[in-house]
Amino acid sequence: MDGDITLRPIRMRDQRAWREVNRRNREWLRPWEATVPPAPPGHVAQRPTYRQMVRHLRREANAGRMLPFVIEYQGRLAGQLTVAGITWGSMCSAHIGYWVDEAVAGRGVMPTSVALAVDHCFRRVGLHRVEVCIRPENAPSRRVAEKLGFREEGLRPRYLHIDGGWRDHLVYALTVEEVPDGLLRRWRQARPEAQQK
């Protein structure tokens, strides 16, 4: 939690609020959200229901491969952030995916949420590296990574299926050594309102 922003585990009882925010933002999110690729002949690809999604997220969380969160802004559900692909052993890394309600975009909600998640991953979970992969065309999401000081490492061609096709993504990364005092602290110090004091 940081001020008006809370990051907490997703729950079944979030369904009504999650669906309302997601439905209202459908067109705004469509160019950036992962989609299910066409199914092989004889199979039908379907978007999971909210309950199926939460069950899957919980199974992955219980297996230590994922941390599924919702973002609250001023006490209301305002988006989702998932730490996924958690890998242990010699790698100790993960990647973060997120979306936010257009109504609260531009208020520092997403950079703060990512900073909270990264600090949790580095300080509590014990990860060494976190990545964020973003479509080159997604300027607002790229600004989130850049504001937080993630390094741009390169392009992953046709990395994820999004909006009906395989899309290129830029890779941004951060390691624990780069934020010894925490990412949230660095973000607070870098925010424009902090520089005006």
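Residue numbers for the sequence shown follow my numbering, so the first one is 50 and each next one is one higher.
Don't be surprised by glycine CBs; every beta carbon is placed ideally from N, CA and C.
Note that the coordinates shown come from a computational prediction; the quantities given were computed from them, not determined experimentally.
Note down, in chain order, each residue of its chain lying with its Cβ closer than 8 Å to the Cβ of residue i, except the 5 sequence neighbours on either side.
| i | result |
| --- | --- |
| residue 156 | 122 |
| residue 57 | 118, 119, 121 |
| residue 105 | 97 |
| residue 95 | 85 |
| residue 170 | 116, 132, 143, 176, 179 |
Measure the Cβ-Cβ separation of residue i and residue j and say whether it is below 7 Å.
| i | j | result |
| --- | --- | --- |
| residue 109 | residue 115 | yes |
| residue 228 | residue 177 | no |
| residue 193 | residue 159 | yes |
| residue 219 | residue 197 | no |
| residue 164 | residue 233 | yes |
| residue 133 | residue 179 | no |
How close, in whole Å, do the beta carbons of residue i and residue j come, if the pair is a contact with beta carbons under 8 Å?
| i | j | result |
| --- | --- | --- |
| residue 183 | residue 166 | Actually they do not touch by this definition, with Cβ atoms about 15 Å apart. |
| residue 202 | residue 188 | Incorrect: roughly 18 Å between the Cβ atoms, too far for contact. |
| residue 99 | residue 60 | Not really, about 11 Å apart at Cβ, beyond 8 Å. |
| residue 161 | residue 236 | 7 Å |
| residue 141 | residue 113 | In fact, because the Cβ distance is near 12 Å, the residues do not count as touching under 8 Å. |
What are the boundary residues of the beta strand (DSSP E) that residue i is part of?
| i | result |
| --- | --- |
| residue 148 | 142-149 |
| residue 204 | 200-211 |
| residue 70 | That residue, residue 70, is in no beta strand (DSSP E); its alpha helix (DSSP H) goes 64-73. |
| residue 132 | 125-136 |
| residue 54 | 54-58 |
How far does the alpha helix (DSSP H) with residue i in it reach, from first residue to last?
| i | result |
| --- | --- |
| residue 117 | Unbroken run through residue 117 is the beta strand (DSSP E), 116-122; no alpha helix (DSSP H). |
| residue 223 | Run containing residue 223: none in the alpha helix (DSSP H); it sits in the beta strand (DSSP E), 214-224. |
| residue 161 | 158-168 |
| residue 189 | 188-196 |
| residue 180 | Segment 178-183 is the beta strand (DSSP E) holding residue 180; no alpha helix (DSSP H) there. |
| residue 238 | 232-239 |
| residue 101 | 99-111 |
Within its chain, find whatever has a CB closer than 7 Å to the CB of residue i; leave out the 5 residues flanking it on each side and keep chain order.
| i | result |
| --- | --- |
| residue 84 | 210, 211, 212, 213 |
| residue 185 | 217, 219 |
| residue 63 | 119, 126 |
Which residues in the same chain as residue i place their Cβ atom closer than 6 Å to its Cβ, once the five residues preceding and following it in sequence are excluded?
| i | result |
| --- | --- |
| residue 231 | 168 |
| residue 53 | 122, 123 |
| residue 200 | 222 |
Query raised in the report: Three or more beta-carbon pairs under 8 Å between the segment 123-131 and the segment 197-208, yes or no?
Result: no
Query raised in the report: Are the segment 70-82 and the segment 146-153 touching by the rule of at least three beta carbon pairs closer than 8 Å?
Result: yes
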